[in-house]
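The structure under discussion appears below in the form of structure tokens.
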Amino acid sequence: MDKKASLAALAALGQETRLDIFRLLVRAGTDGIPAGEIATHVGAVQNTTSSHLKILTHAGLARPERDGRTIRYVADMTGFRDLLAYLMEDCCNGSPELCRPVINAVTCDC
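Start counting at 1 in the sequence shown, then tack on 1480, and there's your number in my numbering.
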């Protein structure tokens, strides 16, 4: 991930509703959540939620998946890991063991 992509991801997460949506998608795991249900969960109208999902998708933090006539959104964990890797790239001035607790806390098998 480069600086421009990381800024887009951070900007996407820097808005309250989008952060709530991203956290909801992370909790949902690989099953994802239909767009309409996301709107209900965050208490927003569907077209506003659609705009938020578009921003998260363009930032590499969410991806749509077609399920018949329904579009489900899933957290893009690869994009999120890339963001975390970029932020921690030069972690601890050459002493990566100092960052190990943070890395362990954010590592999952998803």
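Using N, Cα and C, we set each Cβ at its ideal position, and we do this for glycine too.
In the DSSP assignment, find the unbroken alpha helix (DSSP H) run with V1525 in it and report its ends.
V1525 -> no alpha helix (DSSP H), and no H or E assigned at all.
Quick check on E1577: does DSSP put it in helix, strand or coil?
Helix, per DSSP.
Between the C-alpha atoms of Q1526 and A1555, what's the straight-line distance to the nearest angstrom?
Cα to Cα, the separation comes out at about 18 Å.
Output the distance between the C-alpha atoms of G1512 and R1580, rounded to the nearest integer angstrom.
29 Å
I'd like to know whether the C-beta atoms of T1529 and A1515 end up nearer to each other than 8 Å.
Contact flag set, yes.
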